[in-house]
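Colleague: Going left to right, the sequence shown walks through residues 134 to 245 as my numbering numbers them.
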Amino acid sequence: RDFHAGPIFMEDASCGAHQWIIEFEKTPKDLKAFTHSLDQSIQSLNSDYGAKRKSGLVLGPLELVIARDFLFHDWLKLKGKLGGQNKIPRLSNNRLFMEQFIALNRRLDVPV
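Written out as structure tokens, the structure is:
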């Protein structure tokens, strides 16, 4: 249904990575295979990403977070942006949206 991708920044000796949060209509049976396939697809489409992933020194494997049903709908509603021309931010170069999505993903008592 929807997704957002953001960075995991390098810290100390660990390399950075991309983090994806995806709300599936039907969750894949094999999440490890899905994550690997997504990572491989991004590498084939983006040579810079591919080069950084192949070395393993700059970017580690992408991290996948499964979003609960209606996560992005609830986020738009909480922001007062439900309907109209408002959209889910797909990519970000900081952690702001990702942290909001992850926090909201943990909540089951979202007022809607």
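Where is the CB? At the ideal position from N, CA and C, for every residue including glycine.
Over the uninterrupted beta strand (DSSP E) stretch that includes isoleucine 154, give me the two end residues.
Modeller: For the purposes of this step, residue 154 is taken as residue 21 along the sequence shown, with counting starting at 1. Run containing isoleucine 154: 150-156, per the beta strand (DSSP E) assignment.
Colleague: Can you list, in chain order, the residues of its chain whose CB lies under 7 Å from that of phenylalanine 219, leaving out five sequence neighbours each side?
Modeller: What you label residue 219 is simply residue 86 of the sequence shown in a count that begins at 1. Inspection of the sequence shows that residue 219 is occupied by asparagine rather than by phenylalanine. Cβ neighbours of asparagine 219 beyond the five flanking positions: Leu209.
Colleague: May I have the straight-line CA-CA distance separating phenylalanine 157 from serine 188, to the nearest angstrom?
Modeller: In the sequence shown, counting from the first residue as 1, residue 157 sits at position 24. In the sequence shown, counting from the first residue as 1, residue 188 sits at position 55. Cα to Cα, phenylalanine 157 sits roughly 31 Å from serine 188.
Colleague: Taking the CB atoms as reference points, tell me whether phenylalanine 234 and leucine 204 lie closer together than 8 Å.
Modeller: Here residue 234 refers to the residue found at position 101 when the sequence shown is read from its first residue. Here residue 204 refers to the residue found at position 71 when the sequence shown is read from its first residue. Their beta carbons are under 8 Å apart, which means phenylalanine 234 touches leucine 204 by this criterion.
Colleague: Which residues in the same chain have their Cβ closer than 6 Å to the Cβ of leucine 161, if we skip the five residues on either side of it in sequence?
Modeller: Here the question's residue 161 lines up with position 28 in the sequence shown. According to the sequence shown, residue 161 is proline rather than leucine. Phe167.
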